[in-house]
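Heads up: the structure comes next, in structure tokens.
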């Protein structure tokens with residue numbers, strides 16, 4: 013456990029030192045979401061209707077940004093070998109990386125989501141549910157993203173391959189996340205959507221690190 | 003890459019891998035560390051298959067590859083902290099072992115190539131693992147640092163530790179066996 017914590021603190025410290033990289037995902041989220049009122053006009057009804065989808069898609073794309081360096085930097089400078097030889101199973105290493113990605117990218121996106129939803133005139137009733145969906149949603153994005161990043165590690169043009177690999181995997185997350193927020197805006201039950209999101213999270217929690225760990229091993233070979 | 007290799011290293015022993023570029027020295031070291039996949043053959047540890055449990059094998063080896071694995075954004079001391087936790091040693095000991103004490107607070111991106119190499123080798127001073135796998139350890143080192151590195155190696159072997167290293171340079175490893183790859 014102390015080694016898991018050590019990898020996590022090391023990742024967080026590195027993110028603090030490279031502050032510009034860390035902020036890039038958040039700024040992308042803000043800028044991309046701000047383009048929609050300009051593109052589809054300022055009408056509150058249209059924007060409010062589209063807001064959950066806009067927030068979710070922009071958060072999804074923003075979460076992808078830091079992924080190609082998640083393991084890429086460690087592969088390039090040789091640190092990946094040391095991580096694999098630190099005495100933790102590769103699954104735990106991938107888990108620590110996913111946790112770091114969530115803390116550094118997922119949490120800021122979660123915090124920025126409410127102001128962005130308000131800017132897009134989303135009905136107030138929907139905002140708590142949007143956030144309740146984004147909480148498991150961002151965790152899922154970190155887990156799926158970490159898996160994708162480990163799989164494309166060492167591949168030529170891995171950065172291009174990564175979104176093509178990860179985005180299709182995130183479609184269930186997107187569907188249920190947006191459906192929950194829509195249901196709240198229209199006064200329907202949000203429970204099934206949030207439960208399905210949680211079920212996805214429970215399934216991904218062991219499976220994604222397992223797959224990512226196996227991919228890390230083969231990347232080192 | 004290579005075939006018909008057969009060698010053993012005893013407690014306190016050292017093996018130098020020699021051979022031209024591309025002869026598979028680094029690949030062999032990675033195989034011994036459990037970072038590669040054997041096409042055929044076995045790696046034994048005290049008669050047992052060493053690579054059956056890779057996580058357990060990782061505790062037996064310390065690997066210093068030809069890349070320094072130095073994070074430019076962290077200070078010299080912070081770079082060693084993770085190795086200290088894994089190996090159980092004290093960072094201060096490692097800083098002194100390779101003369102890095104004055105550089106401890108410096109971000110690693112400001113180090114020269116030789117200083118980065120010293121930082122990579124300082125991890126060895128933190129290691130309690132019995133087998134050290136070193137890929138060109140002294141590349142770019144000055145004479146004084148090679149001397150310090152030599153005393154690290156000697157202390158490790160005196161404890162019964164083993165060293166397998168690939169090199170083109172003369173190393174401070176008295177009575178090391180040599181394995182020539184072609």
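Chains as they are written, first to last, in this note's numbering: chain A, 13 to 233; chain B, 3 to 184. Even glycine gets a Cβ: it sits at the ideal position worked out from N, Cα and C.
Taking Cβ positions only, does residue i come closer than 8 Å to chain D?
{"i": "residue 232 (chain A)", "result": "The structure shown contains no chain D; its protein chains are A and B."}
CB-CB under 6 Å to residue i, same chain, minus the five flanking residues each way: which ones, in chain order?
{"i": "residue 3 (chain B)", "result": "26 and 29"}
{"i": "residue 98 (chain B)", "result": "none"}
Of the choices the options, whose alpha-carbon is the least far from that of residue i?
{"i": "residue 166 (chain A)", "options": "A:219, A:42, A:230 and A:58", "result": "A:230"}
{"i": "residue 153 (chain A)", "options": "A:98, A:202, A:212 and A:103", "result": "A:212"}
{"i": "residue 42 (chain A)", "options": "A:14, A:22 and A:132", "result": "A:132"}
{"i": "residue 7 (chain B)", "options": "B:23, B:45 and B:32", "result": "B:45"}
{"i": "residue 122 (chain B)", "options": "B:13, B:33, B:80 and B:42", "result": "B:80"}
Does residue i have its Cβ less than 8 Å from a Cβ in chain A?
{"i": "residue 84 (chain B)", "result": "yes"}
{"i": "residue 39 (chain B)", "result": "yes"}
{"i": "residue 79 (chain B)", "result": "no"}
{"i": "residue 43 (chain B)", "result": "no"}
{"i": "residue 88 (chain B)", "result": "yes"}
{"i": "residue 165 (chain B)", "result": "no"}
{"i": "residue 179 (chain B)", "result": "no"}
{"i": "residue 60 (chain B)", "result": "yes"}
Please confirm if residue i has its CB atom under 8 Å from at least one CB of chain B.
{"i": "residue 89 (chain A)", "result": "yes"}
{"i": "residue 205 (chain A)", "result": "no"}
{"i": "residue 94 (chain A)", "result": "yes"}
{"i": "residue 14 (chain A)", "result": "yes"}
{"i": "residue 98 (chain A)", "result": "yes"}
{"i": "residue 49 (chain A)", "result": "no"}
For residue i, I'd like the list of residues in its chain whose CB is within less than 7 Å of its CB, leaving aside the five on either flank, ordered along the chain.
{"i": "residue 158 (chain A)", "result": "82, 106, 109, 110, 113, 220 and 224"}
{"i": "residue 80 (chain A)", "result": "161, 170, 171 and 174"}
{"i": "residue 177 (chain A)", "result": "160, 163 and 164"}
{"i": "residue 155 (chain B)", "result": "165, 174 and 175"}
With DSSP run on the structure shown, which of helix, strand or coil describes residue i?
{"i": "residue 165 (chain A)", "result": "coil"}
{"i": "residue 130 (chain A)", "result": "helix"}
{"i": "residue 159 (chain A)", "result": "helix"}
{"i": "residue 144 (chain B)", "result": "coil"}
{"i": "residue 69 (chain A)", "result": "helix"}
{"i": "residue 75 (chain A)", "result": "helix"}
{"i": "residue 137 (chain B)", "result": "strand"}
{"i": "residue 46 (chain B)", "result": "strand"}
So residue i is in the beta strand (DSSP E); what residue range does that whole segment cover?
{"i": "residue 114 (chain A)", "result": "Neither: residue 114 (chain A) is in no beta strand (DSSP E) and is coded neither H nor E."}
{"i": "residue 23 (chain A)", "result": "No beta strand (DSSP E) contains residue 23 (chain A), which is instead part of the alpha helix (DSSP H) from 14-29."}
{"i": "residue 180 (chain B)", "result": "179-182"}
{"i": "residue 168 (chain B)", "result": "164-168"}
Would you kindly report the start and end of the unbroken alpha helix (DSSP H) that includes residue i?
{"i": "residue 100 (chain B)", "result": "Here residue 100 (chain B) belongs to no alpha helix (DSSP H), and DSSP marks it neither H nor E."}
{"i": "residue 226 (chain A)", "result": "203-232"}
Return the chain-ordered list of same chain residues with a C-beta closer than 8 Å to the C-beta of residue i, the five sequence neighbours on each side being excluded.
{"i": "residue 209 (chain A)", "result": "145, 148, 149, 152, 185, 188, 189 and 192"}
{"i": "residue 102 (chain B)", "result": "78, 96, 117, 120, 121 and 124"}
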